[in-house]
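Working notes, beginning with the structure itself.
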Amino acid sequence: MSEPQEPRKPEDNGQDSADQQAYDAEFADLIAKLGDVDFEPESAVSSQDEQLDLPEESEPPLVNRQATACFLTPVASAEALGALCALSGISAVVVPTEAGAMVVQNLELTEEQWGMALLVESLNELDSDLDTVASTLTEIIRMPVVVFSALLAPGTEQEPGVTGQVLAGRWVNQAFESDLPAGLVIAQMPIVIEELVLGRVNPAEVDGAVDTVDIPRWKALRMLGRGIKNSREERRRQRGQTDSHDDAMGDTDAAGRGDAS
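Under the UniProt record's numbering, read the sequence shown as residues 1 to 261, first letter to last.
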């Protein structure tokens with residue numbers, strides 16, 4: 001398979017229709033080259049729930065309330081997913097994790113929306129913008145997406161610490177599929193996912209994070225091609241290590257059988 005070609009940067013005075021068609025063709029070609037090899041398998045989750053570890057009082061106190069949406073994908077490359085988000089008009093920070101690249105956004109909620117959001121029991125009812133992003137992601141990566149929302153606020157004298165709620169759900173084929181037990185799902189994930197959902201770390205400060213805001217089209221296409229290439233090279237490296245390990249184990253077994261005889 002030929003390597004993705006690096007798109008040329010558009011002139012500062014704008015693109016004409018021919019340039020636009022060329023970029024669209026390059027984008028379509030790159031997307032067509034996205035196969036299963038570019039994705040990590042999705043982690044299995046159980047239907048049982050458990051308590052989610054909200055920020056403890058020993059941590060820096062939460063000063064302002066925060067509303068966060070996190071979209072966990074099976075995409076191995078945060079750079080490639082960040083490029084896809086930029087090309088699709090999704091403004092967010094894409095963070096690499098061991099479970100897959102995760103898109104992190106702040107939800108802008110009014111006072112009334114905040115109060116209503118705390119009353120919903122299904123993630124599908126929380127926010128229309130969240131549904132739009134989740135549906136778009138399933139369309140561009142052609143894989144399911146697990147979504148988390150966290151509404152957290154400083155505690156009161158009666159309820160010190162942090163108050164709020166965390167919800168989780170799954171989107172498939174551009175549509176909401178089902179709610180998930182947030183506590184159990186997050187408990188099975190790498191710790192960085194819990195920290196991102198609960199706002200313990202700034203997503204932009206995570207090593208390898210990609211901020212999609214203001215990424216020009218030509219740069220997004222270049223990032224996408226590089227992300228796909230790096231992902232495949234990493235897969236080849238991992239397969240090579242596995243094959244070497246299997247060969248070594250086979251040699252050891254053969255030597256053991258020889259000694260026994």
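The C-beta atom is built at its ideal place from N, Cα and C for all residues, glycine as well. Everything numeric in this text was worked out from a predicted model, so none of it was measured.
Point to revise | Proximity below 7 Å, CB of A209 to CB of V93 | key: For the purposes of this step, residue 209 is taken as residue 209 along the sequence shown, with counting starting at 1. For the purposes of this step, residue 93 is taken as residue 93 along the sequence shown, with counting starting at 1. In this structure, V93 lies closer than 7 Å to A209 by Cβ.
**Study point:** Residue burial classification, E112 (beta-carbon count within 10 angstroms, cutoff 16)
**Key:** Against the sequence shown, residue 112 aligns to sequence position 112. Exposed: under 16 other Cβ atoms inside 10 Å.
**Study point:** CA-to-CA distance, G199 to L126, given in whole angstroms
**Key:** Taking the first residue of the sequence shown as position 1, residue 126 is located at position 126. Taking the first residue of the sequence shown as position 1, residue 199 is located at position 199. Looking at the two C-alpha atoms, the distance is approximately 18 Å.
**Study point:** Start and end residues, beta strand (DSSP E) containing S135
**Key:** Taking the first residue of the sequence shown as 1, we reach residue 135 at position 135. Here S135 belongs to no beta strand (DSSP E); instead the alpha helix (DSSP H) covers S128 to I141.
Point to revise | Boundaries of the alpha helix (DSSP H) in which residue 316 is found, first to last residue | key: Missing from the structure shown is residue 316; the chain here goes from 1 to 261 and no further.
Practice item. Would you kindly check if the distance between the Cβ of A150 and the Cβ of T68 is under 7 Å? Key: Sequence index remark: in the sequence shown, residue 68 carries index 68 (1-based). Sequence index remark: in the sequence shown, residue 150 carries index 150 (1-based). Cβ distance < 7 Å, so T68 and A150 count as in contact.
Review point. Do P190 and T110 come within 7 Å of each other at the CB atom, strictly closer than that value?
Key: For the purposes of this step, residue 110 is taken as residue 110 along the sequence shown, with counting starting at 1. For the purposes of this step, residue 190 is taken as residue 190 along the sequence shown, with counting starting at 1. No, the pair does not count as a contact, with Cβ atoms beyond the cut-off.
Check your understanding: Where DSSP assigns a beta bridge to L151, which residues make up the other side?
Key -> As a position in the sequence shown, residue 151 is number 151, starting the count at 1. For L151, which the question treats as bridged, DSSP gives the partners A67 and Q165.
Review point. When you compare each of L152, L87 and V133 to A197 by their alpha carbons, which one comes out closest?
Key: Here residue 197 refers to the residue found at position 197 of the sequence shown. One point to set straight first is that residue 197 is Val, not Ala, in the sequence displayed. Ranking L152, L87 and V133 by Cα distance to V197 puts L152 first.
Exercise for review: Taking E177 as part of the beta strand (DSSP E), name the residues at either end of that continuous run.
Suggested key: Against the sequence shown, residue 177 aligns to sequence position 177. That run of the beta strand (DSSP E) goes A175 to L180.
Point to revise | Delimiting residues of the alpha helix (DSSP H) encompassing Q113 | key: Here residue 113 is taken as the residue at index 113 of the sequence shown, counted from 1. Start and end: E111 to A117.
Check your understanding: What is the DSSP secondary structure of V213, reduced to helix, strand or coil?
Key -> Along the sequence shown, read from residue 1 onward, the residue named residue 213 stands at position 213. Looking at V213 - three-state DSSP - the assignment turns out to be coil, as it is neither helix nor strand.
Check your understanding: How about I90 and V133: do their beta carbons lie closer than 7 Å?
Key -> Within the sequence shown, numbered from 1, the residue matching residue 90 stands at position 90. Within the sequence shown, numbered from 1, the residue matching residue 133 stands at position 133. Cβ atoms of I90 and V133: closer than 7 Å.
Review point. How many angstroms separate the CA atom of D207 from the CA atom of A78?
Key: Taking the sequence shown and counting its residues from 1, the one referred to as residue 207 is at position 207. Taking the sequence shown and counting its residues from 1, the one referred to as residue 78 is at position 78. In a straight line, the C-alpha of D207 is about 11 Å away from that of A78.
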